[in-house]
Structure formats: structure tokens, C-alpha cells
Amino acid sequence: MSTSTTSTSSSIPSFYTMDGTTRLNGSEFASGLDTQNLIKALTAKTSEKIAKQQQLQQKVEWKQEMYHEIEDLLQSFSDNYLSYSTKSSTNLMSKRFFDAEQLVSSNSSVVTATGDAADAGNVVINSITKIAKPAVLTGSDVSVPDIHTMSPLKNTIASSSYLNVEVGGTLYTISLGSNLAIPDSADEIISDSSFLQKLADNLNNQVKKAGLTGKISFAVSDGCITMTATDDSTKITGASQNFIDGLGLTKTGDSYTLNGPVKKSIAYIGSQLAGTSLTVQLDGLTKTISFNQSEVEQYKDVESLASYLQSKFRDAFGVNAHNENKVKVNYDDSGILRFSVDDSSSVLTFVSASSSGVLGTDGLLHIRSGETNRLELDKKLSELKGELQTTLSTEAVDENDKKVYSFTINGKSFTFNEDTELNTIINTINNDNDVNVTISYSQTLNRFRIVSDNTGSQETIDIHDNEGGGNLVAALFGSNPSFTSGQDLEMDVTLGGTPTHIIRGTNSFTLDGVTMTVTGTTDSAVTFSAADNSEDLYEKISTFVETYNKIITTINTYVTEMPASQSTRNGGGKTYEPLTDEQKKEMTDAEIEQWQKKAKQGLLFADPQLSQLQNDLRNAMETIVTSVGMSLADIGISTQAYDYTSGGKLVIDETKLKDALKNNLSQVEQLFTNSDGKDESTNADGVAQRLRDVVTKYIGVYGNSGILVDVAGSSTLIGVDNSQFASQINQYQKNIKELQTQLTNERNRLQREFTRMENILSRLVTQFDYISNMGLGTS
């Protein structure tokens, strides 16, 4: 008799396959080895190489961020203080920065002035008879002063009409999709088969869009719309009121049945408007016009709608002094519904509707949301039909068979097709430097207006339609627009004791060093006196010094702070490398933040480029300006005495600087603004010119070139970054990718070898068990 036994040592481990390689799952194998940890240990050197490359990459990225911080500080500094594109009041290179003495006009309501106090006493205005004015062309009323439907209102089934159908437990809304007008000859029961088929086809198109093809369909049968479903559980659970009335929907329990026939009431506007509302605005006053469900008989068709709306608008906006409606509603024989106002300057706006399908091109009322009784500038030329006093027309077309309108203004021709919005036309002209005019539209006056960009008698406006280019100008400005020529400024002045008559084409100009702006006329004399504004100038210079110090402090911190491992103050000799992902898993967020802070420390210690930048900035600020014979220290701006750790931060001697601004302003101005006109910065250049040269040297004029950008690129750089840091980062990324591929290959190879070993051991154990069992069976 044989006896079988079970040995735990013969258990075969579980296997799984990944990436085409059979792997061991778990560590309790025939060998008793923890293969996963063995593989991890055997590939540790490669993993360490990857971590090292990642740490090196992180260090370069941190250095790049630090460089970008300094670049951004320099660019902001340059934009604020060293650029003519900025306001002259903050541009240190402009003499206007130092206008410490603002001039006070004896009649500031008609003229103001700036300039030096010495020049102010030489200028007296005796009278101003005219001010300079631009040329102005004003058109006549341009748009039809009402809001009207874009097309005749008919008994129409709105696109928003719907059936709610439950299919397979999911609810779908099957809408009509597009407006469908019933035949004019339709009786109370609609029998027109072609119309009924269109109705069924529209519903089936929406069924297709809902992805229900083959599950439900609609058809025409004996004057009724029927629905067929492949699933007996399919049911209609709801519908718009006009569908309930017009399709003969009968409710039983929680569902409806289509019982037809199709009635004319399906297109009654009342049943489709019932329960909705309009938000309407008259001269800024907003009101809600509601279509009450209980009053549906009063607006059930288009014929009765106008009367109902008139009552609603009267209740909302009232009547004028003559007991006439402020908003009038009319419905004419052509089927057009019109809304007009009693006051020609009033603006009426259809702001919105509470439900989709009421307003819009395909809406029940055929009126756009946002429509006014004025011209809407966001409309295309093709959408202005019926809205202008003069109908647009043209015989010209482009290559796409679009109607084209062309006209000339001040000698320059413009061409636009019918798909162009009015706003685009206006902006194109207003932004054209050759034309030098500004076109605007007054909604209150309902007129276009053209104003020349410049003032003076030389200004004129010539605008006309091109021959064969349609009548856009005539339609927008009328056949006889009013024109006013430009006008020159005229005044009598006394300059240095000599009376003279002045004519200027502008209201802002300079007379003998005094820059004045004229805003009105006067028969009385106007004089100017100086008001000391040195306090404001002191504040501007103080702010400039603070901004400069921020740059110096940032650079000095980076170039003087040693790595944490070398600083007994912060690191105590410990080495801080960027953390790996595995290391971060063992630390709290606070610990990670503290560690990374120390890891960043000293990355730019003694950095040669930043150290040189620091020296260049200090030289620009501290060296004497030979053309003036003085330095910033002579006016109270200098480095802190005996402070060798600040890196060149400046301090201000308030008393000394204020005294210089009061008593020696001209030299202070030259100290900053002088320039010898050479490309290279020299000692003759003022402080501002030197600083500008330094900034340009390190980040370029626009912040995208220079020494720092060559090293670290720029945060605003568009395109390929060929900087030193970018190249290093790319190389590290390439190294990491190659090492990761190597690591994967090593792990796969070791997995295969351990799997093969375990298979062999498992077979040996099995054979051993078999032989052992044979021995037991023979005993």
C-alpha cells in the first residue's frame, strides 16, 4: 500500500507576466530568497546614478530661477526708471523727472503750465480768443428708430418645442430642432401631408442626434404623428404645452399617448410663450414683461400678441405727459411686430428672455437678444437689412461672391465685405495712422461722428463712397452730413516784455521754456509763479534708491552666502543635497521645506557673473560724474560707512539731499541725466545713462539678451533657449533617460535569471518529493 505526503517545501510560487517577462510574485520561494530586495540591491548603483543626475538637474534649475529673479528685478527697474517708453515723471534719464518747481497759473481753469521758475516770469498771457479744435463731421439719424421682428411673425412651431421620452430607463428630450411654419391655408385640423411629414422628419433628425436611431421613430398616419419604439417600456413622460395641445397628447398615469390629429394650435404663439418672460430696458430702467399662463387666450396667436404686449409695456414703463404710451407696439399687415418709443432720444433694449427659443434669429419673436432701437455695432453689414434709414446696396462682390462696400476717407481707400461687423470697420479706421480720425456712434443721438485726431485749421475730413463700391457712407452718415473745420488757437502774450500775437494748431505747446496747456478763452491776463515741489522729488529719488537696494541685496545674498555644509551658522558642516522622491516620503512638509531651503543655500556663492554685475552697478552709482564734477555722495546718497557686508546698499542723508534739491537742482539733474553720446559708458555719463548701459549689458534692451540671459535664459524668452543652464538641464535629462532605460534592462535581466533559478529549484524539489514517496511506498 502506498502513502502520499505533502511537503511545504515543494510549493510552487505564483508567477505573473509583465512586458513579456515572467516574474516572481512574493518572496517565499523554493530558494527562500527575497528576490525583489536582492534585485533592488543589485541595481542600487544605477539607481544612485539616476538620483545623482536628478539632484544635479534640480540644482541647475534652482540656479536658473535665482538668475531669472535678478533679471526680472533689473527689467522692472529699467522699465520704471531708465526707459523713455514709460512716464517721463519716473524716467531718470528725462529732465522732466526733475521738474521740482511746478508752475502755478493765476487762472488754471483756462491754462496750466510747467517749467522752470526762471522762465515763468518772462511769460504773461494777455488774452486767449480761440482754442484749437479738431475738424468734426456729424451724420444724420442712421437707424430706423424702432425694434422690429427680423421676419414676419407667422403661426410657427418653435424650435424649442419638445417631447420628453424615456428609453431604457434614460430620459431624453427630443426637440423640434428648427422653426416650422404651418401653411397659411391650414384649417383647425392640419391635413397638409407635406407639412406633417416635415414635422415627423424634424423629430426624427433630433432622434438621430440623440443616438436613438433604431430605438424610436416618428411617422405620419391618418393625419396624426405616431411614435414607434422597439422597447415596450419606452414612453413619453412630458412635452411642451403646444405639443400637448397640438399633437393630441393624452396623459394616462405618468405617461402620454399620441392620439392626434395635428391641430393648428400646435403653432399658436401663446401656448409656446406661456410661462416665459422678457427682460426689457428703457433708458436704463429694467422691467420684466411676463407672459402669464392664465392670460394665454389674450396672446394665443400673432394677431392678438401686439395688443397684449402693448398693455404689458404700458404697465411697465407708463405714459408721457400727453398720456401716450412711452413704448408703442404695432403689428402691421406684413406680419412685422414693431416696438417704438415716444422720445427720439430714448433707448429701448430687449435684454434677454427667461427661456431659450423666445429671442434669437430662430426665436418665436424673431428678435435678437440685446436688440435695441439703435444700431448694434456688433452686427455684420448683411444683418442691417431694414435697420438703416437708407437701405444698404452694392453691385460689387468679391471672389467668394460676397457683397463688397468700398469708400475713401482722407485719401485712403477701405474695402469690407458683407460679413464684416460695424465694430471692425470702426476700429480699422480708428487704428489707421494714415487717416488720423476717430469714428464714434452716439446711441442717444443715433448718429455717427468723425473727429480728426489733431486740432488746427489745417485739419479736414473727406469721406465718400467709391464709384461702384456701394453706399455704405451714405447709409451711415446721410446725404448731407454737417461739417465743422478745424480751428487754430489764438492768444496775445507778452514774452520778456515784448507783446506778440500767437497762433498754434494745438492747445499744448511751449513758449520760451514754459510748457502750457490751454483749455478755455479769457479776456483777463494770466501769469505764472513757481511752487516748490522738492519734497515730491525727494520722495521719487528715495523710492528709486529703495528699488536699487532691493536688487543689490538680492545679488549680495546669493554671492556671499556659503553652502549650508560650509556654514557653521546654518548647516553645521552637514551636506544638504536636493531630496529624492524616496527621501521626501519619510519627511513632513515642514521638514522638506526646511531641507530644500538649506539645499538651495550657496548655489551662487561667488558666482562670477553676478559678482561682476554687483561691481558694475556700484561703479555706475558711486563713481564721480566728470562732466558735472560731483558724485551721488555729494548730494547725500552713498554707501553705509564701515559696512562691508551690505554689498553696496545706498543710504540717504535726508538733510543733504533736500538741500541739494532746493539750492542746486540743475547740477542734481545733470548728475543723473548727462550723456556724452558715446556707445560705451564713460565717467562723463550721468548715473542714469551708466545704469542703463549696465542693464543692457546683462539683460539687453528688452530683457532677452546679455550676459545673464546667455547663462540662464529668460523667463520671458519666446523660442528655443540656448543658454548654458538650459543646455546643462537638457544633458541631465538625457542622462537620466539613458540610465532609466539601463535600470529597466538590468531589472528585467535579473528577474528572468531569478525566475529561471526558482523554476529549476522547484522541479528539483518536486523530483525529490517523488523519489521520497517511492521509498515510502516500498517500505
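In the working numbering, the protein residues as written are -17 to 761. C-beta atoms are modelled at their ideal positions from N, C-alpha and C, and glycine is treated no differently. On a predicted model such as this, the values are computed, not experimentally measured, just so you know.
Going by beta-carbon coordinates alone, are residue i and residue j separated by less than 8 Å?
i: N453; j: T372; result: yes
i: V691; j: I681; result: yes
i: T120; j: R486; result: no
i: A766; j: F654; result: This structure cannot speak to residue 766, because the chain is shown only from -17 to 761.
i: T488; j: V92; result: no
i: L79; j: V650; result: The amino acid occupying residue 79 in the given sequence is Phe; Leu does not appear at that position. Not a contact, by the Cβ cut-off of 8 Å.
i: K580; j: A546; result: yes
i: L599; j: I619; result: no
i: K112; j: D470; result: yes
Ends of the beta strand (DSSP E) at residue i?
i: Q263; result: 259 to 264
i: K269; result: 267 to 272
i: R431; result: 429 to 437
i: A512; result: 510 to 514
i: Y63; result: Segment 26 to 63 is the alpha helix (DSSP H) holding Y63; no beta strand (DSSP E) there.
i: F491; result: 490 to 493
i: T410; result: No beta strand (DSSP E) holds T410; the alpha helix (DSSP H) holding it covers 404 to 412.
i: V763; result: Here the chain comprises residues numbered -17 to 761, so residue 763 is not present and cannot be evaluated.
i: A221; result: 217 to 221
i: N146; result: 144 to 149
i: E472; result: 471 to 477
i: V500; result: 496 to 500
i: L330; result: 330 to 335
Where do the N-terminal and C-terminal ends of the alpha helix (DSSP H) with residue i fall, by residue?
i: K294; result: 284 to 299
i: T655; result: 647 to 655
i: R672; result: 669 to 681
i: R770; result: The question about residue 770 has no answer here: the residues shown for the chain are numbered -17 through 761.
i: K233; result: Premise fails: K233 lies in the beta strand (DSSP E), 231 to 234, not in any alpha helix (DSSP H).
i: I689; result: 689 to 694
What residue from the options has the CA that sits closest to residue i's CA?
i: S524; options: E43, Y63, H50; result: Y63
i: G266; options: E306, V284, T503, T331; result: T331
i: I198; options: D227, A303, V147, T94; result: V147
i: V329; options: T426, S316, T406; result: T426
i: E51; options: Q724, M544, S697, V607; result: S697
i: Y250; options: L287, K233, T234; result: L287
i: E306; options: L15, D314, S293; result: S293
i: K310; options: H304, F321, N302; result: F321
i: K582; options: Y49, L20, E277; result: Y49
i: N161; options: T72, D236, L341, N531; result: L341
i: T21; options: S754, I619, T726, D751; result: First, the residue type needs correcting, since residue 21 is Ile and not Thr in the sequence shown. Taking only the C-alpha atoms, the option nearest I21 is T726.
i: V455; options: S395, A192, G438, G479; result: S395
i: T219; options: S142, S237, L231, T406; result: S237
i: L178; options: I248, S122, K115; result: I248
i: A23; options: L746, S744, N665, E728; result: E728
With H, G and I counted as helix, E and B as strand and the rest as coil, what does DSSP make of residue i?
i: Q749; result: helix
i: G252; result: helix
i: A615; result: helix
i: S754; result: helix
i: T373; result: coil
i: Y66; result: coil
i: M132; result: coil
i: V244; result: coil
i: L363; result: helix
i: Y530; result: helix
i: D324; result: coil
i: L346; result: coil
i: K385; result: strand
i: K522; result: helix
i: N399; result: strand
i: R356; result: coil
i: A95; result: strand
i: S141; result: coil
Using a C-beta cutoff of 8 Å, does residue i count as contacting chain C?
i: D641; result: Here chain C cannot be found, since the structure has a single protein chain.
For the pair the segment 34 to 44 and the segment 605 to 624, tell me if three or more CB-CB distances fall below 8 Å. no
With contact counted as at least three CB pairs below 8 Å, one residue from each stretch, are the segment 492 to 506 and the segment 152 to 169 in contact? no
When you compare the segment 470 to 488 with the segment 98 to 108, are there three or more beta-carbon pairs, one atom per stretch, that lie closer than 8 Å? The segment 470 to 488 vs the segment 98 to 108: in contact.
With three or more beta-carbon pairs closer than 8 Å as the criterion, would you say the segment 583 to 599 touches the segment 527 to 538? Because the criterion of three Cβ pairs below 8 Å is met, the segment 583 to 599 and the segment 527 to 538 touch.
Looking at C-beta atoms only, is the number of pairs between the segment 252 to 261 and the segment 328 to 347 that lie closer than 8 Å three or more? yes
Just checking, does the segment 201 to 209 make contact with the segment 238 to 245 on the three C-beta pairs under 8 Å criterion? yes
Should the segment 122 to 142 be called in touch with the segment 433 to 443, which here means at least 3 C-beta pairs below 8 Å? In this structure the segment 122 to 142 does not touch the segment 433 to 443; the number of beta carbon pairs closer than 8 Å is below three.
Per the contact definition of three or more C-beta pairs closer than 8 Å, is the segment 162 to 174 in contact with the segment 368 to 387? no
Please determine if the segment 265 to 284 and the segment 349 to 356 are in contact, where contact requires at least 3 C-beta pairs separated by less than 8 Å. no
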